[in-house]
Amino acid sequence: MATRRDDLGGATALNPNETYTYKYATATTPASVYLSTLIDATSASARDQVELATSTGEAIGTVTRIPEGWAFGRLVSRSRARSEAQGALRDGAASTLSPTAMDYSALFTGTSAIDFAGTSALARTVDERTTFHAGVERQVTTAQSIAGGVLVRTATENGTNSTTSRADASRRVLTFDDEANVRYTYTYDALGRVRQVVLPDGRRHTASYDAYGRPSRIVREGISTIDITYDAVSGLPSTKRFSTPAGVLQRTVSWSYDAIGRTTREQHDDLTSGASKSYVSYYDGATPANPLANTAPGLLTAVAGDRYTKLLEHRVDGALTRRTVSLAGWRTVETTLGYTESGALAARKIRFLDALGGQLAVHDWRYGFDSFGRPAALTLNGSTFATFGYDANDLLASASFENGDALTLSYDGLTRRPVGSAQSTAMATTATAQQMNARGLVDHEEFQAGGTSSLRRYAYSSQRFVATAGDAQHAYGYGFDGFGLPSWVDQDGTRTTIVQSGDTMAAGTLVMRFDALGRTASRGDLTLSYGPDGQLEMAGRGAKIWSFIYDEKGERRVKLEDGVPAAAYFEEGYVDANGLAEPVTIGGRVVGLVRNGAYETVATDLRGTVVAERDGTPRLASPFGHRDVHPASSVALDYVERGFDADLGLVRMGVRDYDPAVNRFTTPDPFFIEDPALCLKSPLECNLYAYARGNPLLFRDPTGRCATAANGEINCMAAPAAMVAHYDAATYEYWGRGSVGLAALSFLDAQIARVVWMAAVPFQALAEPYNATVELVNAYRSGDGRAIQDAHFRAATLLYGGLLSRELGAAASAVESAASRTNAQLVQDVANRARAWGAREGLALEGSRTGTLLHGYSERLLIRYQRMFGERGLSTEVRYFNGQLWQPGMPLKGSIKLDVVEGELNAPPTVFDYKFGGAKLTPGRIDEIRSGAGLGADVPVIEVKPQ
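Here the working numbering is used: position 378 in the sequence shown is 378, and no number is missing along the way.
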């Protein structure tokens, strides 16, 4: 048993933050880690979970203790012999059962399959099945062939809709044809970086790199050119220049840094108007009022911009404890945060202040937990606000509000997917229910508002775009070009054709014009102009003028009408002359608003779109958010948890404005335009304007950067955001311990993640600096001063993908070489690196311990190499028994484990055997390998010794 505790809360030696117990796998039972996490010491709340895994470390599933006993999450069973994995769900078990003692048979008894994946000899999925409801299943089968020297993969959905990709020998996709045979073509350089994408409309999206391997120019034909330059000493990005397709420079962004590479100033300049704006960042306890303070080393403590100030306070581990945001000298919101022992929020107090600091409203939230670690109650300003209930699968089932309102959530009986909800108040009851089709798309939805019930059915194009939506009140139709841009909208039989010609787009009688950077400059009688930061700065209609203030992330914070603040958009909620309206989120979506301390339920669907007024009057929007009549809450909450600006006719989505009249954004996607490689992950979003991949029932785009699944299962920004938070926390922890070196390493990792998050440079340029930080970890662990110095220099100079000296030019060659070497050469490289690592670690030249450690290092390194440069079909640590691939349940005694197996595991063409120190591959060992793995005499067994 192992424990972990800290002194940040009420944890003690007898009641630690975490307690771990590990149990090894046997032939019949999985390995298990029993983890008990202290959630809240005050209420003696703890979360007990058991994580199950195979003997090879593959995850099986998680079991959680609940009042009824144990709740099982998704369980995965695997067959390595058949290269299959199947996901399943099962009912819970009584508290008398011990999950750590269950064998495979008991664990999977009574399960119901919900998904399946089968892979080929090339380690690619060829058969994939997903269940949405009982009898509703999506199947994707993939055929593979070699034609013209390339791997051709055709994936067919339910026997009808097919996509085809062609990949080279390094498995880099050369072309992708979607379900409508619309083609995307990709070109790479020797390092495997995407250099050009030929889009369906024939235009090109290209990336260029400087002599040090850093992104230097991004060109999107017909929209803009982006040039990036770097500081000659630090190698950090210094300037980014945005030019028109004709080469006319429009605006620039430049950065200044402190001595350790933190951004201190971000400067935006408009070269056409001469206007400029900047954001200044303060660290280590400094603020605009006290710029020399040094009370919080390593932390961002303030940001100041144009009529915008944000002050941040943290506790010793770096967790945010107070955020104070002041906007336009008009309104201030001060948020104070408290945490439980697990790091979950325990308290959140919001003070809404006027220009003189007078308190206009306070929302003091306190969070309560049950003894099983689940949120159980919520109080507001000292009074009970809501209590929560859970079902037998540990899913949130209900919320009961103190004012008598209620929320009920429902899930599919087989798959446990959210399928519906009901909200009731003294005035009305509203409900929504959803059914999926066999393509995994929304088939129909039922809405109930007051005494009115509606059934809305949907149909889709082959490319999964919403084609029609119809109910008793309205019928909608949508057309798209091959690239996913809207081409027409039909409402109740009236069609509006959307046609773009040059810098003009007409949608019926609504005419829009674009500026030289592809941004909407006018929309009917509304004129739009953009500031030095590229954001909408001013809008006008007749005598009315609206202007806007933004924070350092590009989020809109203030709207001014004729120079006077009219509305503010805080993270905590919407503010206007009526006060603060704070959204209340339960079960993953907004279900109401607290206005100046008073709660009111807002009827929303599963995507957070308002469907009815408080009195039950229906207010159904089109799938893309268009409405004939907007709800009373629309300024704060209208479409997919966002407010609607009636003056502009737009919905603000993160860093962009969305126009529900034409189903597209008003400006190009800032995330995708700066990285052509993203066109591999999501080709449709490379059109830069369309909303939610043409399917807002399945996706939404709250950030304005990339589509996110409406049910939360796919979040394009979650990974980099989580990386930033993780590495920031590690930096603060190491700094507090005095581990300056590890703090520096974590800071480098945080900066890399932050750059990816903010799209400063393409992600593909960051693989090498990331590996450099891994080497820095090893250097610190070794204690070798010279190794630490070298690794620090390498990590710092490679941050953002730059190789800043000729001496490091060899590193770029090494990356290129690794991508092109044969499997035998790559395995040999791994052995060489393992021996070098062992020398740095001070391992003995020979001995069983040395061999074990070097084998483990080699396994991890080979896996990482294949993740970096593409899968090679090289499997590590593969076990066999009596000539067959070993499976759970087979005895370990008498089995044999091979270091590296190439190709199909049941019939490998080549086997590699590492020999470190003085060990040799003897004829007897070769015979043992051939016999144990069932290899023919023609299968080579190759000895691999470090050179």
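Don't be surprised by glycine CBs; every beta carbon is placed ideally from N, CA and C.
How would you call M427, buried or exposed, if buried means at least 16 neighbouring beta carbons within 10 angstroms? Mapped onto the sequence shown, residue 427 falls at position 427. Counting Cβ neighbours within 10 Å, M427 comes out exposed, since fewer than 16 surround it.
Where do the N-terminal and C-terminal ends of the alpha helix (DSSP H) with S931 fall, by residue? Sequence index remark: in the sequence shown, residue 931 carries index 931 (1-based). Residues P923 to A933.
Could you tell me the boundaries of the beta strand (DSSP E) in which S162 lies? On the sequence shown, residue 162 is found 162 positions in, with the first residue counted as 1. S162 -> beta strand (DSSP E) spans N161 to A167.
From the DSSP output, which residues share a beta bridge with F72? In the sequence shown, residue 72 corresponds to position 72, counting from 1. According to DSSP, which records beta bridges pairwise, F72 is partnered with V63.
With a CB to CB cut of under 8 Å and the five nearest residues on each side skipped, what residues in its chain are close to E402? Mapped onto the sequence shown, residue 402 falls at position 402. Excluding residues within five positions, the ones whose Cβ falls inside 8 Å are S383, T384, F385 and A386.
State buried or exposed for S875, treating a residue as buried only when at least 16 other CB atoms are found within 10 Å of its CB. Reading the sequence shown from its first residue, position 875 is the one you call residue 875. Buried, since its Cβ has 16 or more Cβ neighbours within 10 Å.
Where P846 falls, given that 16 or more other Cβ within 10 Å makes a residue buried: On the sequence shown, position 846 is the one that residue 846 refers to. Reading off the sequence, residue 846 comes out as Glu, not Pro. Answer is exposed; the Cβ neighbour count stays below 16.
Taking 7 Å as the threshold (C-beta atoms), are V140 and A117 in contact? In the sequence shown, the residue the question calls residue 117 occupies position 117. In the sequence shown, the residue the question calls residue 140 occupies position 140. No, they are not a contact pair.
What are the residues that DSSP puts in a beta bridge with R700? Translated into the one-based positions of the sequence shown, residue 700 becomes position 700. Answer by DSSP bridge pairing, in chain order: T708.
Using a Cβ distance threshold of 8 Å, determine whether the stretch 489–496 contacts the stretch 683–697, with at least three qualifying pairs required. no
Across which residues does DSSP place V878 in a beta bridge pair? If you number the sequence shown from 1, residue 878 lands on position 878. Beta-bridge pairing links V878 to L898.
List the residues that DSSP assigns as beta-bridge partners of E313. Along the sequence shown, read from residue 1 onward, the residue named residue 313 stands at position 313. R322, per the DSSP bridge assignment.
Does the distance from the CB of V126 to the CB of T142 come in under 7 Å? Your numbering for residue 126 matches position 126 in the sequence shown. Your numbering for residue 142 matches position 142 in the sequence shown. Result yes, Cβ atoms of V126 and T142 sit closer than 7 Å.
Could you have a look at E18 and say whether DSSP puts it in helix, strand or coil? Taking the sequence shown and counting its residues from 1, the one referred to as residue 18 is at position 18. Looking at E18 - three-state DSSP - the assignment turns out to be strand.
Residue span of the beta strand (DSSP E) that contains K544, given as start and end: For the purposes of this step, residue 544 is taken as the residue at position 544 of the sequence shown. Residues K544 to Y550.
Taking its Cβ as the centre, do 16 or more other Cβ atoms sit within 10 Å of N687, making it buried, or is it exposed? In the sequence shown, the residue the question calls residue 687 occupies position 687. Label assigned to N687: buried.
Are I39 and R47 close, meaning C-beta to C-beta below 7 Å? To locate residue 39, count along the sequence shown from 1; it is residue 39. To locate residue 47, count along the sequence shown from 1; it is residue 47. Going by C-beta atoms, I39 is nearer than 7 Å to R47.
Look up Q463 in the DSSP assignment and say whether it is helix, strand or coil. Position 463 of the sequence shown, counted from the start, is the residue given in the question as residue 463. Q463 falls in the coil class under three-state DSSP.
Cα-Cα separation between A759 and F671, rounded to whole angstroms: Position 759 of the sequence shown holds residue 759. Position 671 of the sequence shown holds residue 671. Note that A759 has pLDDT 38, beneath the 50 cutoff, so the model's placement of it is unreliable and no number is given.
Nearest-angstrom Cα distance between P297 and S234? On the sequence shown, position 297 is the one that residue 297 refers to. On the sequence shown, position 234 is the one that residue 234 refers to. If you take the alpha carbons of P297 and S234, they lie about 22 Å apart.
Tell me whether G563 sits in a helix, a strand or coil according to DSSP, three-state version. Position 563 of the sequence shown, counting from 1, holds the residue named residue 563. Here G563 sits in coil by DSSP.
Please work out which residues of its chain come closer than 6 Å, Cβ to Cβ, to A516, disregarding the five sequence neighbours upstream and downstream, and give them in chain order. The residue labelled residue 516 in the question sits at position 516 within the sequence shown. So the qualifying residues of the chain are T244.
Is the Cβ-Cβ distance between L650 and D638 less than 7 Å? Indexing the sequence shown from 1 puts residue 650 at position 650. Indexing the sequence shown from 1 puts residue 638 at position 638. No.
Under 7 Å between the Cβ atoms of G518 and P668? Counted from its first residue, the sequence shown places residue 518 at position 518. Counted from its first residue, the sequence shown places residue 668 at position 668. Yes, they are a contact pair.
Go ahead and pull the three-state DSSP assignment for V23. Within the sequence shown, the letter at position 23 stands for residue 23. In the sequence on display, residue 23 carries Lys and not Val. Strand, per DSSP.
Where do the N-terminal and C-terminal ends of the beta strand (DSSP E) with A44 fall, by residue? Translated into positions along the sequence shown, residue 44 becomes position 44. A44 -> no beta strand (DSSP E), and no H or E assigned at all.
Simplified DSSP assignment, three categories, for D938: Taking the sequence shown and counting its residues from 1, the one referred to as residue 938 is at position 938. Three-state result, D938: coil.
Judging by CA-CA distance, which residue of E128, R541 and L52 is the nearest neighbour of S98? Along the sequence shown, read from residue 1 onward, the residue named residue 98 stands at position 98. The residue with the shortest Cα to Cα distance from S98 is L52.
Host beta strand (DSSP E) of Y599 (start-end): On the sequence shown, residue 599 is found 599 positions in, with the first residue counted as 1. Where Y599 is concerned, the enclosing beta strand (DSSP E) stretches over A598 to T601.
Spatial neighbours of E18 within its chain, please: CB distance less than 8 Å, with the 5 preceding and 5 following residues excluded, ordered by chain position. As a first step, residue 18 must be located in the sequence shown, where it is residue number 18. If we look at E18 and ignore the five residues flanking it on each side, its Cβ neighbours are T3, R4, R5, L35, S36, T37 and L38.
Using DSSP with H/G/I as helix, E/B as strand and the rest coil, what is I673? Numbered from its first residue, the sequence shown carries residue 673 at position 673. In the structure shown, I673 sits in coil (DSSP, three-state: anything other than H, G, I, E or B).
Going by DSSP, what residue range makes up the alpha helix (DSSP H) through F1008? In the structure displayed, the chain extends from 1 to 947; residue 1008 sits before or after that span and is not available.
Taking Y339 and A328 to be in contact with their CB atoms under 8 Å, please state how far apart those CB atoms are, rounded to whole angstroms. Here residue 339 corresponds to residue number 339 of the sequence shown, with the count starting at 1. Here residue 328 corresponds to residue number 328 of the sequence shown, with the count starting at 1. Y339 to A328, Cβ: 31 Å. No contact.
Below 8 Å CB to CB, which residues in the same chain sit around G654 once its five sequence neighbours on both sides are set aside? Numbered from its first residue, the sequence shown carries residue 654 at position 654. Excluding residues within five positions, the ones whose Cβ falls inside 8 Å are G554, E555, D701, P702, T703, G704 and R705.
How many angstroms separate the CA atom of V584 from the CA atom of G592? For the purposes of this step, residue 584 is taken as the residue at position 584 of the sequence shown. For the purposes of this step, residue 592 is taken as the residue at position 592 of the sequence shown. Using only the alpha carbons, I get a separation of about 5 Å.
Where L191 and A567 are concerned, what is the direct C-alpha to C-alpha distance, given to the nearest angstrom? Translated into the one-based positions of the sequence shown, residue 191 becomes position 191. Translated into the one-based positions of the sequence shown, residue 567 becomes position 567. Roughly 49 Å separates the two Cα atoms.
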